[in-house]
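In terms of our numbering, the sequence shown is residues 2 to 150. Before any comments, here is the structure.
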Amino acid sequence: MKELLPEKLDKPWVVLLEAARKVRLKAYCPYSGFQVGAALLCGNGEIVSGANVENAAYGSTICAERSAIVRANAMGFRDFSRMVVSVRAGTSSAPTEPAAPCGACRQMLNEFVALVGGELQILLHGEGCQKVRLTSIAELLPHGFEIQE
Ligand code: THU
């Protein structure tokens, strides 16, 4: 995982980061207060985003990343080249460390990346934090589960 300053990002990353920060405002997280926004860059250049949605039955919660994936799938997109995940803990202006996708989200991302081929670059952003982190699904989920026909 590489740490870098947001000023070093190319234009497509900057646009995707803004989409992730924007959708993060839609997070429904009354239980954890942890807001997450995820934005996927699809093969045709379209950006599809999602936020975390919690529930009083805590286990029913859906993460921002999977929220974006199922939305993209319904729109007919499964080829993702880049994803930004932006997080913010609570409402104070204190900086939040970037957070990596959970195991379930990694597994779901891996499936579509394997299906389509190619690689998924992932940028992690914490609100108010100086640096962002650049990684990939290959780095986050080596040897992911796949059913062999
Ligand atoms: N969350 C995500 O949205 N993505 C992850 O990869 C991990 C966790 C959400 C779920 C829950 O609403 C909150 O963060 C705290 O766990």
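Yeah, the Cβ is synthetic: ideal placement off N, Cα and C, and Gly gets one too. Predicted model only: the values in this text are computed from it and were never measured.
By the 16-neighbour rule on beta-carbons within 10 angstroms, Gln131 is exposed. Exposure of Val71 is indicated by the presence of fewer than 16 other C-beta atoms within 10 angstroms of its C-beta. Looking at the DSSP output, Ala52 shares a beta bridge with Gly38. Sequence-distant Cβ neighbours of Gln122 in its own chain, meaning closer than 6 Å and more than five residues away, are Arg83, Ser137. The residues Val88, in chain order, have a CB closer than 6 Å to that of Ala100 in the same chain once the five nearest residues on each side in sequence are set aside. Nearest Cα to Asn74 within the set Glu47, Asn53, Val85: Glu47. The three-state secondary structure of Lys3, taken from DSSP, is strand. Measuring C-alpha to C-alpha distances from Lys27 to each of Gly38, Glu19, Leu18 identifies Gly38 as the nearest. Under the 8 Å Cβ criterion, the region 8-26 does not count as touching the region 140-148, having fewer than three qualifying pairs.
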